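Working notes, structure below.
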């Protein structure tokens, strides 16, 4: 298309966006013929409104979502490697089976999020709010979850080998069968947590609060439990050998 013909079309598209009675990015991009699932790799989408957007199998590698409103968005099977979600609102969103390797989610609102089956290896979730989140069978190997809020979260079968959960709040979370080999849980709030049949061998649990926790059949071989509160802990068939 020649420059003389393309300029009026471009101006028309800009005008359409300016006068639109919405600030929802998915709707705005549709107005100008763009597809969110194809045109936004490594884009700057910080502080945009993508609430309830349908972004299944989209490619957002390296995209900047800082401070964005992604509440209720559907990112199932999306490729989000290296994306930045710091301080974004992701509450009630769906990331099942998404690739989130190396993402930044520090300080993000992840309450009620679905992450089951997702890949979050080496991600940064420090200080994130994951209360009530579904993180079952999620790969969280080597992630930073220090000071994160995970109260009441579902983490059954999750891979947390070498993860940093220092000072995290996990009270009443379900961690049955999780892999926490060599994980750091120093100072963590683990009150009434279900760690039945979890693998905590060589894990660091110094000064952790395990009051009322279920450790039935849990592997604690070589774990550091110095100064931990073990009041009313269930240790039936647990392995505490060194």
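Numbering (our numbering), first residue to last: 35 to 276.
C-beta: ideal position from N, C-alpha, C; glycine also.
Every value quoted in this text rests on a predicted model; they were computed, and no experiment measured them.
| Item | Value |
| --- | --- |
| Can you list, in chain order, the stretches of the beta strand (DSSP E) that have 3 or more residues and sit fully within the region 231 to 261? | none |
| If you measure between the beta carbons of residue 161 and residue 145, is that distance less than 8 angstroms? | no |
| Short of 6 angstroms in beta carbon distance, which residues of its chain neighbour residue 265, apart from the five on each side in sequence? Order them along the chain. | 245 |
| So, using beta-carbon positions, are residue 214 and residue 243 closer together than 8 angstroms? | no |
| Is it true that the CB of residue 235 sits closer than 8 angstroms to the CB of residue 248? | no |
| Please go through the same chain and pick out, in chain order, the residues whose beta-carbon is closer than 6 angstroms to the beta-carbon of residue 147, but skip the five residues on each side of it. | 124, 127, 167 |
| Residue 271 to residue 103, Cα distance in whole Å? | 46 angstroms |
| Can you tell me the Cα-Cα spacing of residue 99 and residue 276, whole angstroms? | 45 angstroms |
| Please list, in chain order, all residues of the same chain as residue 93 whose beta carbon is under 6 angstroms from its beta carbon, the five residues on each side excluded. | 75, 113 |
| With distance defined between alpha-carbon atoms, name the residue in 205, 229, 200, 155 nearest to residue 252. | 229 |
| Give the straight-line distance between the Cα atoms of residue 268 and residue 226, rounded to the nearest whole angstrom. | 10 angstroms |
| To which residues does DSSP link residue 203 through a beta bridge? | 183, 223 |
| Taking C-alpha atoms, which residue in 192, 220, 184 lies nearest to residue 201? | 220 |
| What residue from 240, 132, 97, 142 has the CA that sits closest to residue 154's CA? | 132 |
| Please report the straight-line C-alpha distance between residue 119 and residue 217, rounded to a whole angstrom. | 24 angstroms |
| For residue 122 versus residue 97, is the C-beta spacing smaller than 8 angstroms? | no |
| Based on Cα-Cα distance, which residue from 129, 110, 135, 109 lies nearest to residue 116? | 135 |
| Have a look at residue 108 and residue 209 and give me their C-alpha separation to the nearest angstrom. | 25 angstroms |
| Pick from 85, 81, 163, 259: whose alpha carbon is nearest that of residue 184? | 163 |
| Give the C-beta separation of residue 191 and residue 212 to the nearest angstrom, bearing in mind that I take them to be a contact with Cβ-Cβ under 8 angstroms. | 7 angstroms |
| Nearest-angstrom Cα distance between residue 181 and residue 172? | 19 angstroms |
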